[in-house]
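Number 719 marks the last residue of the sequence shown (UniProt numbering); no jumps.
Backbone N, C-alpha and C define an ideal beta-carbon position, used for all residues, glycine too.
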Amino acid sequence: MRQRRRRWQWTGLISHVQEPRELSASESWTQSFLCAVPRARGQHQSRGTKSSGCEAGRGAPRGFLQDVWISTQHVSHLMERKPQAGRAPLARQGDWLCGDTRALGAPFADFSRAGPYILPGLEDEGWAFACPQPDEDQRPLQELTATCSVTEVLPLTPGAPCLSHLAPVGLFFLTTVRSFLRGGVGTGNGEGLRGGLAKPIGLVEGPGGLGQGGVAATLQEDSQEREGKYEEYGYNAQLSDRISLDRTIPDYRPKKCRQLTYSGDLPQVSVVFIFVNEALSVILRSVHSVVNHTPSQLLKEVILVDDNSDNVELKFNLDQYVHRRYPGLVKVVRNSRREGLIRARLQGWKVATAPVVGFFDAHVEFNTGWAEPALLRIREDRRRIVLPAIDNIKYSTFEVQQYASAAHGYNWGLWCMYIIPPQDWLDRGDEAAPIRTPAMIGCSFVVDREYFGDIGLLDPGMEVYGAENIELGMRVWQCGGSMEVLPCSRVAHIERTKKPYNNDIDYYAKRNALRAAEVWMDEFKSHVYMAWNIPMTNPGVDFGDVSERLALRQRLKCRSFKWYLENVYPEMRTYNNTLTYGEVRNSKASGYCLDQGAEDDDRAILYPCHGMSSQLVRYSADGLLQLGPLGSTAFLPDSKCLVDDGRGRTPTLKKCEDVARPAQRLWDFTQSGPIVSRDTGRCLEVEMSKDANFGLRLVVQRCSGQKWMIRNWIKHRQH
Numbered sequence: 001m002r003q004r005r006r007r008w009q010w011t012g013l014i015s016h017v018q019e020p021r022e023l024s025a026s027e028s029w030t031q032s033f034l035c036a037v038p039r040a041r042g043q044h045q046s047r048g049t050k051s052s053g054c055e056a057g058r059g060a061p062r063g064f065l066q067d068v069w070i071s072t073q074h075v076s077h078l079m080e081r082k083p084q085a086g087r088a089p090l091a092r093q094g095d096w097l098c099g100d101t102r103a104l105g106a107p108f109a110d111f112s113r114a115g116p117y118i119l120p121g122l123e124d125e126g127w128a129f130a131c132p133q134p135d136e137d138q139r140p141l142q143e144l145t146a147t148c149s150v151t152e153v154l155p156l157t158p159g160a161p162c163l164s165h166l167a168p169v170g171l172f173f174l175t176t177v178r179s180f181l182r183g184g185v186g187t188g189n190g191e192g193l194r195g196g197l198a199k200p201i202g203l204v205e206g207p208g209g210l211g212q213g214g215v216a217a218t219l220q221e222d223s224q225e226r227e228g229k230y231e232e233y234g235y236n237a238q239l240s241d242r243i244s245l246d247r248t249i250p251d252y253r254p255k256k257c258r259q260l261t262y263s264g265d266l267p268q269v270s271v272v273f274i275f276v277n278e279a280l281s282v283i284l285r286s287v288h289s290v291v292n293h294t295p296s297q298l299l300k301e302v303i304l305v306d307d308n309s310d311n312v313e314l315k316f317n318l319d320q321y322v323h324r325r326y327p328g329l330v331k332v333v334r335n336s337r338r339e340g341l342i343r344a345r346l347q348g349w350k351v352a353t354a355p356v357v358g359f360f361d362a363h364v365e366f367n368t369g370w371a372e373p374a375l376l377r378i379r380e381d382r383r384r385i386v387l388p389a390i391d392n393i394k395y396s397t398f399e400v401q402q403y404a405s406a407a408h409g410y411n412w413g414l415w416c417m418y419i420i421p422p423q424d425w426l427d428r429g430d431e432a433a434p435i436r437t438p439a440m441i442g443c444s445f446v447v448d449r450e451y452f453g454d455i456g457l458l459d460p461g462m463e464v465y466g467a468e469n470i471e472l473g474m475r476v477w478q479c480g481g482s483m484e485v486l487p488c489s490r491v492a493h494i495e496r497t498k499k500p501y502n503n504d505i506d507y508y509a510k511r512n513a514l515r516a517a518e519v520w521m522d523e524f525k526s527h528v529y530m531a532w533n534i535p536m537t538n539p540g541v542d543f544g545d546v547s548e549r550l551a552l553r554q555r556l557k558c559r560s561f562k563w564y565l566e567n568v569y570p571e572m573r574t575y576n577n578t579l580t581y582g583e584v585r586n587s588k589a590s591g592y593c594l595d596q597g598a599e600d601d602d603r604a605i606l607y608p609c610h611g612m613s614s615q616l617v618r619y620s621a622d623g624l625l626q627l628g629p630l631g632s633t634a635f636l637p638d639s640k641c642l643v644d645d646g647r648g649r650t651p652t653l654k655k656c657e658d659v660a661r662p663a664q665r666l667w668d669f670t671q672s673g674p675i676v677s678r679d680t681g682r683c684l685e686v687e688m689s690k691d692a693n694f695g696l697r698l699v700v701q702r703c704s705g706q707k708w709m710i711r712n713w714i715k716h717r718q719h
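Structure follows, in C-alpha cells:
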C-alpha cells in the first residue's frame with residue numbers, strides 16, 4: 001500500500017509546538033518532528049509554498065533569535081534506533097533534515113565530519129519554524145527528508161551546512177524540543193552534561209556578576225554536583241559556570257608597564273589552547289579573555305586542540321559556540337586519540353599560521369596588555385622564548401591572586417618550580433624588566449613559529465607531559481637562544497587539584513626526564529638518576545631512541561651543560577663527587593632501609609624499603625654520607641649528613657655545614673662491608689629492640705662485622 005505523505009505546516013514560534021512523548025522501545029518514529037530553516041527578509045517565496053506560515057514565522061522581533069543558533073543538541077535529544085528489517089537503510093551522509101535540497105537546486109553536501117552545523121544566515125536573518133502533523137506512518141528517513149518542504153529558504157549551496165548532519169550509524173530521532181528558545185548563551189538556564197546532547201550550555205556573557213574583578217566568589221548551595229565537578233575537573237566547575245566569560249581581572253602589571261607604548265608593526269600571534277575534559281565554561285573564558293585583551297590586528301587566530309576528550313559538551317556545544325561566536329577566528333582541532341600535552345601542542349603548531357605562536361593551558365585568563373610586550377621582545381630577537389608572568393586563579397573561588405616576580409627553575413628530578421630572579425635583575429631595581437630564566441613552568445610560552453621549528457619544537461619522543469618544559473629551556477640556552485619571563489605580560493592560571501593525565505604521570509615524568517638527561521646533560525645526567533633514585537644501568541624505564549635528538553644537538557652546534565650551569569643556572573648544586581647512591585640495606589634486616597625519618601627530627605631510622613626520596617642515600621668521595629632528597633638549588637635545603645658525635649649510641653642527622661668538627665660527618669664505606677666513622681672508629685649497625693619501631697634500632701657501636709649494601713654505584717674510589 002502506498003504510504004501517505006503529509007505537508008509540513010507552519011505553526012509560527014516554537015512555543016506553539018507540543019513536546020512529543022518519549023519513544024518506546026518498539027517505536028521507530030516519533031510523533032512529532034521539528035524542522036527549522038533560515039528565512040531571508042524580502043526574499044521571494046519558494047514555488048509551491050504557503051505565505052501564511054511564513055508570515056506567522058515573522059512574528060518574533062528582529063534580533064529575538066539572533067543569539068540562538070541551531071544544533072542537534074539544542075533542538076533535540078538524539079536517540080539512535082537501528083533500521084528495521086525491510087525498511088530502507090539510512091540516508092547517505094549529507095542528507096539534510098531541514099528539507100529536500102534537490103527541490104532547491106542544491107546537491108547534497110558531502111560533509112567529512114560529524115555535526116553540528118550552523119544554519120546559513122544565522123547572524124543577520126530571522127527564522128521560521130515548521131512542524132509536521134502527527135503521522136501514523138512509519139517511514140524510512142529518505143522519504144521523510146523528501147517530504148520536509150520548506151518556506152522562503154536562503155539559497156543553499158554545495159557544502160552549505162544545515163540543521164543536522166547524519167552519520168551512518170542507524171536511524172536518529174528527535175524526541176524533545178523543550179529549552180530551544182531558552183537555551184541561549186547568557187540565560188543561565190542550563191548547562192552541558194557529560195553524555196547528554198540536549199542541554200543548552202547556559203553560560204554567562206558580559207560584564208558584572210559573580211567573580212567580577214577577580215574577587216573570590218561562592219555559591220549558596222552545597223550540592224553533590226559541585227563535589228562531583230571538583231573531583232572531575234580539579235576546580236570548582238559549578239562556580240565557573242556561573243561566572244561571566246567576559247569578567248575582568250585585576251591589572252597586576254608593574255606601574256611602569258602601563259605607561260609603555262608600542263609601535264604598530266608588531267607581528268601577529270596564533271594562540272593555541274590545549275585541553276582534555278576541561279569544563280566548557282573554563283575553556284570559553286580562556287577564549288573570551290584572549291580575544292578581549294588582545295588587539296584585533298595582532299590576534300591572527302585562536303586554535304583549540306582537543307586531546308581526545310570524552311566529554312560530549314566539548315564536542316557539540318564547543319563547536320557550535322565558537323563557530324557562532326567567533327566565526328573565522330577560532331579553530332577547533334581534534335586528536336583522534338589521546339596524544340598527551342606535548343604532542344597536542346605540536347598539533348597546534350602545525351595548524352598555526354601567524355609568525356608567532358603562544359601556547360597556553362585552557363584554564364587561564366589574560367591580563368590587559370599581555371601580547372604587546374611579548375611580541376616586541378620576539379620581534380627584537382626571534383631566538384627568544386618569552387613567558388608571561390603567572391598569577392593564580394584559586395581553584396575553589398576563582399579569586400585571582402598576584403604572584404611575586406619569579407624566574408622558573410627546576411630540581412634534579414626535572415620538576416619545575418618558581419625561583420628567585422637572578423641577582424643582576426634584583427640589582428637593577430626595575431620591576432618591569434624581563435627576567436632571565438633557566439626554564440619554564442610550562443603553562444604558557446610565546447615563540448617565533450619558524451624558530452620553534454628550527455630548534456626542534458618539543459621532543460615528540462616524550463610522552464604526555466613532564467620535563468618537556470625543562471628540556472626546552474636547556475636546549476634553547478645551549479643552542480644559542482634565550483628564555484625570559486615578562487612582568488609586563490601577565491596570565492592568570494588555575495592550579496588544578498587533579499590533572500587529566502594523572503594515570504602514571506610519575507612514570508612519564510621520569511621517562512621524559514631521563515630522555516632529556518641523556519641528550520643534554522652530559523656528565524651531569526647522573527644527577528637525574530640520583531634524584532629519581534634509580535640505577536643508571538637498567539633503570540627499568542624505556543625512554544626510547546634519542547639518536548635524532550642527539551643529531552639535532554650536533555647539527556645546532558650546541559654548548560655543553562656545564563656552560564649552561566655556569567652561565568644560566570649557577571644556583572644549581574652539583575654532586576659530581578658522588579660515588580654511590582640509592583637504598584642502603586643491612587644484612588641483618590634486608591627488608592629495611594636507611595631512612596631520614598621525619599623532617600623535623602634529627603634521627604636516622606630503619607624503615608621498610610620503598611625507594612622514595614627519604615631513602616635516597618648518597619656517599620661522596622670525601623666521605624660524606626647524606627640522607628634525603630637532593631637539595632638541587634641554593635634556594636632549597638640540602639640533604640643532611642649522618643653524624644657520629646661520640647657522645648651516645650644514636651647517630652644523628654645535621655646540616656653538613658653545622659657539624660662542629662668536620663671529622664664527625666666522615667665515614668668509610670665499601671660495598672658489602674661496614675660503615676665506619678673516621679672520627680670515632682665506631683660502626684653504624686642495627687640492633688634488635690622491642691622498644692624500637694619494627695623492633696630495629698640504628699646505633700653506632702664497636703664493630704661486630706655487620707655488612708651494608710647500597711644499590712647504585714657511579715664510580716669506585718681510587719686507591
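Q.
Quick check: the Cα distance between Lys498 and Gly466, rounded to an integer number of angstroms?
A. Stepping through the sequence shown from its first residue, residue 498 is reached at position 498. Stepping through the sequence shown from its first residue, residue 466 is reached at position 466. So the alpha carbons of these two residues sit roughly 15 angstroms apart.
(Q) Short of 7 angstroms in beta carbon distance, which residues of its chain neighbour Glu372, apart from the five on each side in sequence? Order them along the chain. (A) The residue you call residue 372 lines up with position 372 of the sequence shown. Contacts found: Tyr262, Leu266.
**Q.** Residue nearest to Asp306 in terms of C-alpha spacing, selected from Ile283, Thr580, Tyr575
**A.** To locate residue 306, count along the sequence shown from 1; it is residue 306. Selected option, being the one with the closest Cα: Ile283.
(Q) Quick check: the Cα distance between Cys703 and Tyr619, rounded to an integer number of angstroms? (A) Counted from its first residue, the sequence shown places residue 703 at position 703. Counted from its first residue, the sequence shown places residue 619 at position 619. Cα-Cα distance, rounded: 20 angstroms.
(Q) Could you check whether the segment 477-493 touches the segment 576-595, counting it as contact only if at least three pairs of C-beta atoms, one from each stretch, sit closer than 8 angstroms? (A) no
**Q.** The beta strand (DSSP E) enclosing Phe543, as first and last residue numbers
**A.** Residue 543 sits at position 543 when you count from the first residue of the sequence shown. First-last for Phe543: undefined, no H or E at that position.
Q.
Is it the case that the segment 339-354 contacts the segment 251-261, given that we only count it when at least three CB pairs across the two stretches are under 8 angstroms?
A. no
Q: Give the secondary structure of His323 by DSSP, where H, G and I count as helix, E and B as strand, and everything else as coil.
A: Indexing the sequence shown from 1 puts residue 323 at position 323. Three-state DSSP puts His323 in a helix.
**Q.** Three-way DSSP call (helix, strand, coil) for Arg702 in this model
**A.** Translated into positions along the sequence shown, residue 702 becomes position 702. It is coil, neither helix nor strand.
**Q.** Test item: CB-CB of Val546 and Leu414 under 8 angstroms
**A.** For the purposes of this step, residue 546 is taken as residue 546 along the sequence shown, with counting starting at 1. For the purposes of this step, residue 414 is taken as residue 414 along the sequence shown, with counting starting at 1. No, these two residues do not count as a Cβ contact at 8 angstroms.
Q. Counting only runs that start and end within the segment 201-285, where is the alpha helix (DSSP H) found for 4 or more residues in a row?
A. 224-233, 237-240, 255-258
Q) Is it right to say Gly429 is buried, meaning 16 or more other beta carbons lie within 10 angstroms of its own, or is it exposed? A) Residue numbering aside, residue 429 sits at position 429 when the sequence shown is read from its first letter. That one is exposed.
(Q) For Gly456, count the other beta carbons within 10 Å of its own beta carbon; 16 or more makes it buried, fewer makes it exposed. Which is it? (A) Position 456 of the sequence shown, counted from the first residue, corresponds to residue 456. Under this definition Gly456 is a buried residue.
Q.
Going by DSSP, what residue range makes up the beta strand (DSSP E) through residue 722?
A. With the chain represented from 1 up to 719, any question about residue 722 goes unanswered, as that position is not in the structure.
Q.
Taking the beta strand (DSSP E) that Ser620 belongs to, which residues open and close that run?
A. Residue mapping note: residue 620 aligns to position 620 of the sequence shown, counting from 1. Per DSSP, Ser620 belongs to the beta strand (DSSP E) from 617-620.
Q: Output the boundary residues of the alpha helix (DSSP H) element that contains Arg475.
A: The residue you call residue 475 lines up with position 475 of the sequence shown. From DSSP, the alpha helix (DSSP H) with Arg475 extends over 468-478.
Q.
So, for Ala663: in the same chain, excluding its five sequence neighbours on each side, which residues have a beta-carbon less than 7 angstroms away from its beta-carbon?
A. The residue you call residue 663 lines up with position 663 of the sequence shown. The residues are Arg678, Asp679.
Q: For Trp425, count neighbouring C-beta atoms within 10 Å of its own C-beta (all shown protein chains included) and say buried if the count is 16 or more, exposed if not.
A: The count along the sequence shown starts at 1 and reaches residue 425 at position 425. It is buried - the Cβ of Trp425 has at least 16 other Cβ atoms within 10 Å.
Q) How would you call Met599, buried or exposed, if buried means at least 16 neighbouring beta carbons within 10 angstroms? A) For the purposes of this step, residue 599 is identified with residue 599 of the sequence shown, where counting begins at 1. Checking the sequence shown, residue 599 turns out to be Glu, not Met. It is exposed - the Cβ of Glu599 has fewer than 16 other Cβ atoms within 10 Å.
Q) When burial is assigned at 16 or more other CB atoms within 10 Å of the CB, is His74 buried or exposed? A) Here residue 74 refers to the residue found at position 74 of the sequence shown. In this predicted model, His74 has a pLDDT of only 30, less than 50, meaning its place in the structure is not dependable; the value taken from the coordinates is given anyway. Buried, by the Cβ-count rule.
(Q) DSSP three-state label for Ser309, please. (A) Counting from one through the sequence shown, the residue named residue 309 turns up at place 309. In the structure shown, Ser309 sits in coil (DSSP, three-state: anything other than H, G, I, E or B).
Q. Are the segment 657-676 and the segment 564-575 in contact at 8 angstroms, needing three or more beta carbon pairs?
A. no
Q: Reducing DSSP to helix, strand and coil, say where Met530 ends up.
A: For this step, residue 530 is matched to residue 530 along the sequence shown. Here Met530 sits in helix by DSSP.
**Q.** For Leu219, the nearest candidate out of Asp246, Ser240, Arg711 (CA to CA)
**A.** For the purposes of this step, residue 219 is identified with residue 219 of the sequence shown, where counting begins at 1. Selected option, being the one with the closest Cα: Ser240.
Q: Give me the Cα-Cα distance between Arg285 and Glu365, rounded to the nearest whole angstrom.
A: As a position in the sequence shown, residue 285 is number 285, starting the count at 1. As a position in the sequence shown, residue 365 is number 365, starting the count at 1. Between Arg285 and Glu365, the C-alpha separation is close to 7 angstroms.
Q | Beta-carbon spacing of Ile393, Val400 below 8 angstroms | A | Reading the sequence shown from its first residue, position 393 is the one you call residue 393. Reading the sequence shown from its first residue, position 400 is the one you call residue 400. The answer is yes: Cβ separation under 8 angstroms.
Q | Straight-line Cα distance separating Leu299 from Ser613 | A | In the sequence shown, the residue the question calls residue 613 occupies position 613. In the sequence shown, the residue the question calls residue 299 occupies position 299. Cα-Cα distance, rounded: 46 angstroms.
Q. Where does Ala551 land, buried or exposed, given buried means 16+ other C-beta within 10 angstroms?
A. Along the sequence shown, one-based indexing puts residue 551 at 551. The residue in question, Ala551, is exposed, as its Cβ has fewer than 16 Cβ neighbours within 10 Å.
(Q) Which of the three DSSP states is assigned to Ile710 in this structure? (A) If you number the sequence shown from 1, residue 710 lands on position 710. Here Ile710 sits in strand by DSSP.
Q. Relative to the alpha-carbon of Leu387, which residue among Lys315, Arg490, Met536, Ala279 has its alpha-carbon at the smallest distance?
A. One-based indexing of the sequence shown puts residue 387 at position 387. For the residues Lys315, Arg490, Met536, Ala279, the minimum Cα distance to Leu387 belongs to Arg490.
Q.
Using a Cβ distance threshold of 8 angstroms, determine whether the segment 328-339 contacts the segment 407-421, with at least three qualifying pairs required.
A. no
Q. Are Val464 and Ile505 touching if we call contact CB-CB under 8 angstroms?
A. The sequence position of residue 464 within the sequence shown is 464, counting from 1. The sequence position of residue 505 within the sequence shown is 505, counting from 1. Yes, the Cβ-Cβ distance between Val464 and Ile505 is below 8 angstroms.
Q: On the DSSP bridge assignment, give the partners of Pro608 in chain order.
A: Walking along the sequence shown from the start, residue 608 turns up at place 608. Pro608 pairs with Tyr592.
Q.
Would Ile378 and Val446 be called neighbours here (beta carbons separated by less than 8 angstroms)?
A. On the sequence shown, residue 378 is found 378 positions in, with the first residue counted as 1. On the sequence shown, residue 446 is found 446 positions in, with the first residue counted as 1. A contact, by the Cβ cut-off of 8 angstroms.
Q: Could you check if Ser632 is buried or exposed, using at least 16 other CB atoms within 10 Å of its CB as the buried criterion?
A: The residue you call residue 632 lines up with position 632 of the sequence shown. Per the 10 Å Cβ criterion, buried.
Q) Can you pull the DSSP bridge partners for Gly442? A) The residue labelled residue 442 in the question sits at position 442 within the sequence shown. BP columns for Gly442 are empty, so no partner.
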